[in-house]
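Student: The sequence shown runs 16 to 473 under the numbering used here. For every residue, glycine included, the Cβ atom is placed at its ideal position computed from N, Cα and C. The structure's right below; bear with me while I get my questions together.
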Amino acid sequence: MDIKFEKTGEARGVITVAVTESDYAEKVNEKLKQIGKNHTIPGFRKGHITLPQLRQRFGREVKSEAINDTVINAVFDYIKEQNIRILGQPLPTDATEIDLRQTDYTFSYDVALWPELDLKLDKDVTLPFYTIAVSDDMVAEQDKALCERFGAQVPGEQADDKAVIKGTIMELNEDGTVKESEDAIQVVSGIVAPFLFKDKDEAAKFLGSKVGDKVRFNPFKAADGSAPELASMLNIDKDKAAEVKSDFEFVISEIIVLKPAEHGQDLYDDVFGKDKVTSEEDYFKALRGMIAAQLAPNSFQLFNRDAHDYLVKTYADKVVLDTELLKKWLLRVNDNLTAEDLEKDFDGMLPGIKWEVISGDVTDKLDVKVTEEILMSRANSIARQQLQQYGMYNMDDETVADMARRLLADRELRRRIEGECEEMAMFDAIRAAVTIDSKEVSLDEFRKLAQPEAEAEA
């Protein structure tokens with residue numbers, strides 16, 4: 016077998032493979048023997064047909080497959096051995112059918128060459144890294160939210176903006192009197208949470224009310240016409256609920272208000288775990304750390320965007336592509352893509368192709384690798400975030416790890432996590448390689464940096 020590579024353009028080349036019968040003959044014999052051994056052939060007992068008879072019946076088909084396998088494997092092995100970096104896959108230069116009566120063949124494959132960028136990422140490159148300053152207002156707001164989250168619901172004298180109210184709900188006539196007909200809707204043990212009302216004017220009617228007060232409100236407006244919500248509030252069927260648009264009278268028998276948790280060891284344990292924080296000073300210090308940790312991903316996301324923009328601005332114009340060959344490859348690997356659609360969409364696809372080249376060079380240059388340990392760490396973070404969404408803030412490490420293992424066992428989820436980790440590892444490597452210009456900014460300043468287009472429009 017003879018394999019050669021020739022560069023035929025700035026961004027393309029051709030690989031030529033010349034094979035003789037000796038290169039594929041043994042593979043033909045192996046495939047024929049497998050057919051005789053594993054297939055039932057009419058007129059022969061299984062495994063008792065001779066090689067010449069197999070060649071007579073299946074030789075042309077098997078020869079074609081063997082030649083194809085031999086050549087394709089040789090091309091990929093050659094690309095790897097010669098360290099030829101290509102985009103996409105080799106494409107047959109000539110797709111004509113081969114003459115199986117011959118013994119020697121020559122095949123050619125076009126390859127799109129990976130552009131040479133001479134990419135540099137070292138301490139001579141400076142990129143900004145913005146952190147958001149944790150303000151006193153942020154700390155006060157987070158403290159208030161945590162005290163409410165870990166507070167208790169207790170009887171109250173007056174309804175506030177987070178009260179749950181119990182009492183009787185009576186349907187009214189148009190003149191405001193209680194409806195007493197047989198079809199009147201009456202709920203003896205009613206309960207409403209005005210802060211959940213869709214209509215804030217209806218919710219405001221309950222604000223400041225006390226036990227024994229009568230509040231006239233419209234459930235249909237309060238629920239914005241939602242049949243399931245009306246059915247639940249008025250204890251009626253969903254089919255009937257959508258037609259109930261009259262006012263109702265709510266006679267308050269009990270008001271449940273939220274009593275925020277007070278600073279003390281119980282709150283500290285609920286928020287941070289048993290005995291991890293033992294004083295108010297440490298509580299507020301830990302609170303600042305919590306907020307900083309919550310804000311940190313924003314800093315990394317902005318850095319990643321800035322690094323991406325720097326790389327694209329610096330190297331995108333250096334990405335020389337053979338568009339004709341790339342289009343042929345894209346049509347070959349996308350069954351649903353037509354030549355007309357490709358022509359229309361190709362300019363929009365180019366930035367993504369160029370970024371694939373740039374990020375590929377970054378990955379190679381900085382020797383970025385994703386280990387199983389990195390995957391598990393990322394899965395742990397995802398698992399903990401999901402648990403926190405359900406209010407479980409201090410789950411033990413083993414429970415989190417078990418959930419992470421289940422996430423990685425899902426093939427589709429694992430592929431997505433791998434992609435995230437590869438991207439994160441690449442930007443982490445960039446951050447370690449370049450000089451970082453660290454800057455602390457306020458939340459408003461950060462928003463302007465993160466969303467310059469929105470700021471410009473404003």
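Here's the rule I'm using: 16 or more other beta-carbon atoms within 10 Å means buried, otherwise exposed. How should Y405 be labelled?
Tutor: The residue is exposed, with fewer than 16 neighbouring Cβ atoms inside 10 Å.
Student: Can you name the start and end residues of the beta strand (DSSP E) that M185 belongs to?
Tutor: Segment V179 to E186, the beta strand (DSSP E) holding M185.
Student: Quick check: what's the CA-CA separation for A26 versus G288?
Tutor: Approximately 59 Å between the Cα atoms of the pair.
Student: Hey, how far is the Cα of D324 from the Cα of K454?
Tutor: So the alpha carbons of these two residues sit roughly 19 Å apart.
Student: Pull up the CB-CB distance for F221 and P209, whole angstroms please, since I reckon it's below 8 Å.
Tutor: The pair is a contact, with the Cβ atoms about 4 Å apart (cut-off 8 Å).
Student: Just list the alpha helix (DSSP H) runs in the region 153-238, keeping only unbroken ones of 4 residues or longer that don't cross its boundaries, in chain order.
Tutor: Those alpha helix (DSSP H) runs which fall completely within the region 153-238 and span 4+ residues are 215-219 and 234-237.
Student: Can you tell me whether DSSP reads P243 as helix, strand or coil?
Tutor: Helix.
Student: If we ignore side chains and look at the alpha-carbon of each, how far apart do L326 and S457 end up?
Tutor: Roughly 27 Å between the two C-alpha positions.
Student: Comparing alpha-carbon positions, which option in V449, I200 and P143 lies nearest L464?
Tutor: The shortest C-alpha separation from L464 is found at P143.
Student: Helix, strand or coil, according to DSSP, for P5 in the structure here?
Tutor: The question about residue 5 has no answer here: the residues shown for the chain are numbered 16 through 473.
Student: Whole angstroms is fine: what's the gap from E80's alpha carbon to L69's?
Tutor: Approximately 15 Å, taken between the alpha carbons.
Student: According to DSSP, is A424 part of a helix, a strand, or is it coil?
Tutor: DSSP places A424 in helix when its eight states are reduced to three.
Student: Would you call F461 buried or exposed, if buried means 16 or more other Cβ atoms sit within 10 Å of its Cβ?
Tutor: F461 should be labelled buried.
Student: Can we say the region 290-303 touches the region 343-363, given the rule of at least three CB pairs closer than 8 Å?
Tutor: The region 290-303 vs the region 343-363: no contact.
Student: Report buried or exposed for F91, applying the criterion of at least 16 other Cβ atoms within 10 angstroms of its Cβ.
Tutor: Its Cβ having fewer than 16 others within 10 Å, F91 is exposed.
Student: Within its chain, find whatever has a CB closer than 8 Å to the CB of P170; leave out the 5 residues flanking it on each side and keep chain order.
Tutor: So the qualifying residues of the chain are E269, I270, I271 and V272.
Student: Run through DSSP, which three-state label would I270 get?
Tutor: Residue state, collapsed to three classes: strand.
Student: In or out: I451 buried (at least 16 other Cβ within 10 Å) or exposed?
Tutor: The residue is exposed, with fewer than 16 neighbouring Cβ atoms inside 10 Å.
Student: Between E435 and G103, what straight-line distance do the alpha-carbon atoms span, to the nearest angstrom?
Tutor: Using only the alpha carbons, I get a separation of about 22 Å.
Student: Excluding the 5 residues preceding and the 5 following E112 in the sequence, name in chain order all residues of the same chain whose CB lies nearer than 6 Å to its CB.
Tutor: The answer is none, since no qualifying residue turns up.
Student: Can you tell me the Cα-Cα spacing of K359 and Q117, whole angstroms?
Tutor: C-alpha separation (whole angstroms): 43 Å.
Student: Might you give, ordered along the chain, the residues of its own chain that have their beta carbon closer than 8 Å to the beta carbon of V149, omitting 5 neighbours on each side?
Tutor: Here the set comprises R303, I306, A307 and L310.
Student: For K52 and K46, what's the separation of their Cα atoms in angstroms?
Tutor: The alpha-carbon atoms of K52 and K46 are separated by roughly 10 Å.
Student: How is the alpha helix (DSSP H) around G363 delimited, first residue to last?
Tutor: Counting along the chain, the alpha helix (DSSP H) containing G363 begins and ends at A354 to K380.
Student: Could you give the residue range of the alpha helix (DSSP H) that holds T338?
Tutor: T338 -> alpha helix (DSSP H) spans T338 to V348.
Student: Which residue marks the beginning of the alpha helix (DSSP H) containing A127, and which one marks its end?
Tutor: It is not in any alpha helix (DSSP H) - A127 instead sits in the beta strand (DSSP E) that spans Y120 to L128.
Student: In the structure shown, what three-state DSSP assignment does S457 receive?
Tutor: In this structure, S457 counts as coil in the three-state DSSP scheme.
Student: Within a Cβ cutoff of 6 Å, which residues of the same chain sit near K274, ignoring the five residues on either side of it in sequence?
Tutor: These residues qualify, in order along the chain: G166, A167 and V169.
Student: Among all the DSSP beta bridges, which residues are the ones paired with E21?
Tutor: In DSSP, E21 forms a bridge with V29.
Student: In chain order, what residues of the same chain lie with their CB nearer than 7 Å to the CB of V77, ignoring the 5 residues before and after it?
Tutor: For V77, where only same-chain residues beyond five positions count, the Cβ hits under 7 Å are V43, K46 and L47.
Student: Since I believe I200 is in contact with N251 (beta carbons under 8 Å), could you give me their beta-carbon distance rounded to a whole number of angstroms?
Tutor: The residue you asked about is not Asn; residue 251 is Ile in the sequence shown. Confirmed, about 6 Å.
Student: What is the DSSP secondary structure of A473, counted as helix, strand or coil?
Tutor: Only weak support is given to the placement of A473: the predicted model assigns it a pLDDT of 47, under 50, and the question is left unresolved by the model.
Student: Consult DSSP for L464 and reduce its assignment to one of helix, strand or coil.
Tutor: L464: helix per DSSP, three-state reduction.
Student: Reducing DSSP to helix, strand and coil, say where I251 ends up.
Tutor: If DSSP states are grouped into helix, strand and coil, I251 belongs with coil.
Student: Between D17 and Q97, what straight-line distance do the alpha-carbon atoms span, to the nearest angstrom?
Tutor: Their backbone Cα atoms lie some 14 Å apart in a straight line.
Student: Taking only the alpha-carbon atoms, compute the straight-line gap between A473 and L317 and give it to the nearest angstrom.
Tutor: Because the pLDDT of A473 is 47, which lies under 50, any placement of that residue in the model is unreliable, and the question is left without a value.
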